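Peer 1: Pasting a structure here, questions to come.
2 protein chains.
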Amino acid sequence: MKLASLKGGRDGRLVVVSNDLSTYVEAGTVAPTLQAALDDWSAVAPRLEQLASNLDRGSPAGLPFHEAALAAPLPRAYQWADGSAYVNHVALVRQARGAELPDSFWHDPLIYQGGSDGFLGSHDPISLSNEDWGCDMEAEVVVVTDDVPQGVSREAAISLIRLIGLVNDVSLRNLIPAELAKGFGFYQSKPASGLSSVFVTPDSLGPRWRDGKLYGTLKVDLNDQPFGRADAGIDMTFDFGTLIAHLAATRSLAAGTIVGSGTVSNRDANGGPGRPAADGGLGYSCIAEARMVQTILTGGPATPFLKHDDRVRIWMDDEDGRPIFGTIDQKVKVGQ
Amino acid sequence: MKLASLKGGRDGRLVVVSNDLSTYVEAGTVAPTLQAALDDWSAVAPRLEQLASNLDRGSPAGLPFHEAALAAPLPRAYQWADGSAYVNHVALVRQARGAELPDSFWHDPLIYQGGSDGFLGSHDPISLSNEDWGCDMEAEVVVVTDDVPQGVSREAAISLIRLIGLVNDVSLRNLIPAELAKGFGFYQSKPASGLSSVFVTPDSLGPRWRDGKLYGTLKVDLNDQPFGRADAGIDMTFDFGTLIAHLAATRSLAAGTIVGSGTVSNRDANGGPGRPAADGGLGYSCIAEARMVQTILTGGPATPFLKHDDRVRIWMDDEDGRPIFGTIDQKVKVGQ
Chain A
1 MKLASLKGGR DGRLVVVSND LSTYVEAGTV APTLQAALDD WSAVAPRLEQ LASNLDRGSP
61 AGLPFHEAAL AAPLPRAYQW ADGSAYVNHV ALVRQARGAE LPDSFWHDPL IYQGGSDGFL
121 GSHDPISLSN EDWGCDMEAE VVVVTDDVPQ GVSREAAISL IRLIGLVNDV SLRNLIPAEL
181 AKGFGFYQSK PASGLSSVFV TPDSLGPRWR DGKLYGTLKV DLNDQPFGRA DAGIDMTFDF
241 GTLIAHLAAT RSLAAGTIVG SGTVSNRDAN GGPGRPAADG GLGYSCIAEA RMVQTILTGG
301 PATPFLKHDD RVRIWMDDED GRPIFGTIDQ KVKVGQ
Chain B
1 MKLASLKGGR DGRLVVVSND LSTYVEAGTV APTLQAALDD WSAVAPRLEQ LASNLDRGSP
61 AGLPFHEAAL AAPLPRAYQW ADGSAYVNHV ALVRQARGAE LPDSFWHDPL IYQGGSDGFL
121 GSHDPISLSN EDWGCDMEAE VVVVTDDVPQ GVSREAAISL IRLIGLVNDV SLRNLIPAEL
181 AKGFGFYQSK PASGLSSVFV TPDSLGPRWR DGKLYGTLKV DLNDQPFGRA DAGIDMTFDF
241 GTLIAHLAAT RSLAAGTIVG SGTVSNRDAN GGPGRPAADG GLGYSCIAEA RMVQTILTGG
301 PATPFLKHDD RVRIWMDDED GRPIFGTIDQ KVKVGQ
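Residue numbers (the UniProt record's numbering), protein chains in the order written: chain A, 1 to 336; chain B, 1 to 336.
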């Protein structure tokens with residue numbers, strides 16, 4: 001089952017989308033918003049599944065689905081906790097600045113809490129006041145949880161994952177060093193993030209979803225050129241069950257909590273930093289990682305951060321080459 | 001006007017409370033929940049004010065108001081951003097561990113993002129799995145904003161503050177050092193916080209609310225003994241307008257965003273760390289500050305962190321000795 005939200009009101013209007021993303025039906029008679037559905041998932045999900053099943057059979061036919069008209073599936077949420085599950089990415093950050101990676105980073109997840117009060121739709125522009133802030137994309141996988149009790153096990157946490165999607169976790173790189181130096185984590189350096197057009201249920205992903213990880217090539221294009229082609233299931237040190245159990249160690253999590261994987265990152269086949277996608281490598285899911293690899297290899301960064309009118313696309317194709325979650329397709333707009 | 005939420009559903013049921021906290025009326029005909037009221041404040045607030053005005057005139061009489069039956073005014077919210085506006089407190093933390101306070105801390109607010117998906121009601125127990133985590137209270141002032149545009153000025157931010165209340169920002173002290181050392185800020189060390197029984201509009205506070213600060217003695221009792229008697233308007237380096245402008249520098253904030261002051265802390269009259277309330281001093285709004293002062297004065301901490309059945313009360317009296325926001329009155333319950 002695939003779910004999306006049309007623009008409308010603060011929480012959008014819930015729709016069920018056909019598996020091939022060609023058509024949709026309004027789901028307002030079942031639940032007005034995705035948050036309302038998540039608030040009462042066990043009762044609501046079967047009725048949404050029925051709508052989805054009917055739609056995929058073409059009866060009723062549904063309306064044409066256009067991603068450009070969408071709000072984020074959850075235009076606002078009660079929690080957005082983003083991990084750094086691809087420790088390879090963190091190791092590169094450290095290597096580029098000559099710092100050591102503590103061994104604990106391989107066992108104890110790094111997680112920060114981001115702004116959940118306003119997510120961008122998949123085709124919404126990234127409104128940037130100042131190019132000097134060093135705007136970057138971060139392509140990640142996200143999951144949405146049901147209510148999670150405090151002290152949940154990894155296995156139980158995986159069973160409480162209701163939806164899976166993608167995110168462009170927009171980051172302002174040049175604000176990060178000073179902010180992290182203060183010791184309390186990110187705030188100004190993490191503006192609103194863009195969510196994928198649809199969120200999908202785990203069962204609809206088949207073998208791509210296993211052991212709390214999403215397998216498949218996470219495609220990232222920058223200005224219509226291939227930039228990232230890493231597999232989201234590879235080199236993910238902490239699966240989503242482990243991330244959720246970490247979050248719920250000292251408190252419960254409310255239904256609709258969005259948990260992020262952190263920037264997807266694969267080692268190169270030779271074990272070193274990945275080569276550019278243009279050179280046949282797996283590339284990078286954010287500009288910062290490309291710049292780190294450039295710094296390690298050549299002594300300095302080459303790829304600039306995002307400027308006005310730069311375009312970022314993030315998606316994952318199914319076996320037939322159709323985007324499973326739709327496509328995050330955002331342009332940077334400065335001073336608007 | 002004073003607003004509260006009765007327990008019921010995920011967002012509680014909005015009620016208007018009399019100024020003296022003796023009676024209430026249901027406000028469901030105007031707005032079902034406080035979040036719904038904040039989502040449409042300019043239209044809803046005048047109608048709630050009318051209910052409040054009628055209630056204070058005793059017509060209708062209202063029902064008896066009992067704080068023990070309450071949910072948090074916002075049982076879940078879309079954002080909880082907590083500052084450290086009383087830099088005196090931060091300076092003591094540093095002094096106790098022999099670290100220098102960067103000069104920038106006096107100009108650039110420290111803020112972290114906390115869990116907003118589940119707030120405790122004012123009389124809800126603090127459910128603690130493990131006493132060794134070093135559970136502490138933090139008595140703070142909070143404000144709730146309307147929609148705040150990106151790039152808001154301090155003055156405009158103050159005009160967008162809709163409600164004011166108190167919070168017990170529960171902290172797990174013994175988890176903080178390792179968590180902050182990872183560099184991404186707090187997560188496991190900040191479990192669910194308890195909000196005051198009622199939130200009130202700025203106009204109802206008279207001269208106590210000025211220049212983006214709440215003036216008055218924030219009373220903190222630990223196990224029925226006076227523990228903190230600091231004035232929330234004194235030594236607040238960053239007023240709420242400044243904190244909100246900092247938060248909105250790179251993105252907008254959604255209506256219902258809760259912004260905290262950080263632990264209230266006053267210097268002693270002689271400029272040094274405050275003396276215990278039992279000795280006629282202003283005391284401390286958290287146990288950690290008491291322990292820091294004890295460490296500075298005697299070489300080690302004396303007051304233990306919270307244990308099973310310990311009781312924390314936090315409130316601020318009006319001129320007639322009645323709690324303006326009701327009383328946060330929480331007991332620690334281990335293993336429940």
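Backbone N, C-alpha and C define an ideal beta-carbon position, used for all residues, glycine too.
Quick caveat, the model's predicted, so the values are computed rather than measured.
Starting from the beta carbon of A72/A, find every residue of chain B whose beta carbon is closer than 9 Å, and list them in chain order.
Peer 2: Near A72/A there are no residues of chain B at all, since even the closest Cβ is about 13 Å away, more than 9 Å.
Peer 1: For the alpha helix (DSSP H) holding P46/B, just list the boundary residues, first then last.
Peer 2: Taken as a continuous stretch (DSSP letters only), the alpha helix (DSSP H) holding P46/B covers 41–56.
Peer 1: Would you mind sorting T298/A into buried or exposed? The rule is 16 or more other CB atoms within 10 Å of its CB.
Peer 2: Flag for T298/A reads exposed.
Peer 1: Exposed or buried, W106/B, counting other C-beta atoms within 10 Å across all chains shown (16 or more means buried)?
Peer 2: Counting Cβ neighbours within 10 Å, W106/B comes out exposed, since fewer than 16 surround it.
Peer 1: Do three or more CB pairs link the segment 283–291 of chain A to the segment 186–205 of chain A at distances below 8 Å?
Peer 2: Cβ pair count under 8 Å is below three, so no.
Peer 1: Going along the chain, which residues of the segment 181–194 of chain A sit with their C-beta nearer than 9 Å to a C-beta in chain B?
Peer 2: Against chain B - using a Cβ distance shorter than 9 Å - the residues of the segment 181–194 of chain A are A181, K182, G183, F184, G185, F186, Y187, Q188, S189, K190, P191, A192.
Peer 1: Can you find a C-beta in chain B that's less than 8 Å from the C-beta of D56/A?
Peer 2: No, because no Cβ of chain B sits closer than 8 Å to the Cβ of D56/A.
Peer 1: Closer than 8 Å between beta carbons: that is the criterion. Which residues of the segment 107–120 of chain A meet it against chain B?
Peer 2: Residues D108, L110, I111, Y112, Q113, G114, G115, S116, D117, G118.
Peer 1: Could you please give the first and the last residue of the uninterrupted alpha helix (DSSP H) stretch that includes S159/A?
Peer 2: Segment 154–159, the alpha helix (DSSP H) holding S159/A.
Peer 1: Could you work out which residues of chain B lie near Q79/A, taking near to mean beta carbons separated by less than 8 Å?
Peer 2: Correct list: G115, S116, D117.
Peer 1: Compare the C-beta of V150/B with all C-beta atoms of chain A and state if any pair is closer than 8 Å.
Peer 2: Checking the sequence, you will find Gln at residue 150/B rather than Val. It does: the Cβ of Q150/B has a partner Cβ on chain A nearer than 8 Å.
Peer 1: Go ahead and label T29/A buried or exposed: buried means 16 or more other beta carbons lie within 10 angstroms of its beta carbon, across all protein chains shown.
Peer 2: Its Cβ having fewer than 16 others within 10 Å, T29/A is exposed.
Peer 1: How many whole angstroms separate the CB atoms of Y112/A and F184/B, which I take to be in contact at a CB cut-off of 8 Å?
Peer 2: Y112/A to F184/B, Cβ: 4 Å. Contact.
Peer 1: Using DSSP's beta-bridge definition, name the partner residues of K2/A.
Peer 2: V17/A, V200/A, per the DSSP bridge assignment.
Peer 1: Just to check my reading of the structure: V141/A and L110/A have Cβ atoms closer than 8 Å, yes? What is that Cβ distance to the nearest angstrom?
Peer 2: Not really, about 16 Å apart at Cβ, beyond 8 Å.
Peer 1: Report the rounded CA-to-CA distance for residue 337/B versus Q95/A, giving the unit in angstroms.
Peer 2: Only positions 1 to 336 of chain B appear in the structure, and residue 337/B is not among them; the question remains open.
Peer 1: Within 8 Å (strictly less), CB to CB, does A288/B reach chain A?
Peer 2: No - not a single Cβ of chain A is within 8 Å of the one on A288/B.
Peer 1: Quick one: does T242/A have its CB under 8 Å from some CB of chain B?
Peer 2: Cβ-Cβ to chain B under 8 Å: no for T242/A.
Peer 1: Along the beta strand (DSSP E) that carries Q330/B, what are the first and last residues, could you check?
Peer 2: It spans 328–334 - the beta strand (DSSP E) in which Q330/B sits, taken as one unbroken run.
Peer 1: Of the residues that make up the segment 250–263 of chain B, which ones have a beta carbon closer than 9 Å to any beta carbon in chain A?
Peer 2: Within the segment 250–263 of chain B, the qualifying residues are T250, R251, S252, L253, A254, A255, G256, T257.
Peer 1: So which residues of chain A does R10/B contact, with C-beta pairs closer than 7 Å?
Peer 2: Those are D39, listed as they occur along chain A.
Peer 1: Name the two residues that bound the continuous alpha helix (DSSP H) containing R94/A.
Peer 2: Segment 87–96, the alpha helix (DSSP H) holding R94/A.
Peer 1: Could you compute how far the alpha carbon of A43/B sits from the alpha carbon of L160/B?
Peer 2: Roughly 15 Å between the two C-alpha positions.
Peer 1: Relative to the C-alpha of residue 339/B, which residue among V312/B, K307/B, A254/B, A71/B is closest?
Peer 2: The structure shown has nothing for residue 339/B, since chain B only spans 1 to 336.
Peer 1: Of the choices G8/B, P323/B, D317/B, K307/B, whose alpha-carbon is the least far from that of L172/B?
Peer 2: The shortest C-alpha separation from L172/B is found at K307/B.
Peer 1: So, are the CB atoms of G274/B and Y86/B less than 8 Å apart?
Peer 2: No. Outside cutoff.
Peer 1: What does a CB cutoff of less than 7 Å around D221/A pick up in its chain, not counting 5 residues either side in sequence?
Peer 2: Cβ neighbours of D221/A beyond the five flanking positions: F227, R313.
Peer 1: Give, in chain order, every unbroken run of the alpha helix (DSSP H) that is at least 4 residues long and sits entirely within the segment 199–269 of chain B.
Peer 2: The qualifying runs are 240–247.
Peer 1: Find the nearest neighbour of G9/A within the set L55/A, N54/A, A72/A, judged by alpha-carbon distance.
Peer 2: When only C-alpha atoms are compared, the closest one is A72/A.
Peer 1: So which residues of chain B does L172/A contact, with C-beta pairs closer than 8 Å?
Peer 2: By Cβ distance, chain B contributes T250.
Peer 1: From residue 342/B to N88/B, what does the alpha carbon distance come to, in whole angstroms?
Peer 2: Absent from the structure is residue 342/B, since the part of chain B shown begins at 1 and ends at 336.
Peer 1: Check distances from the C-beta atoms of the segment 207–233 of chain B to those of chain A and list, in chain order, the residues that come in under 8 Å.
Peer 2: Taking 8 Å as the Cβ-Cβ cut-off against chain A, none of the residues of the segment 207–233 of chain B qualify.
Peer 1: Using beta carbons (cut-off 8 Å, strictly below), is S129/B in contact with chain A?
Peer 2: Output row for S129/B: interface = yes.
Peer 1: In the DSSP output, what is G194/B paired with across the bridge?
Peer 2: Answer is L120/B, N168/B, bridged to G194/B.
Peer 1: How about M137/A and K219/A: do their beta carbons lie closer than 8 Å?
Peer 2: No. Outside cutoff.
Peer 1: Spatial neighbours of A45/B within its chain, please: C-beta separation below 6 Å, excluding the five flanking residues on both sides.
Peer 2: Within the same chain, A45/B has no close Cβ partners at all.
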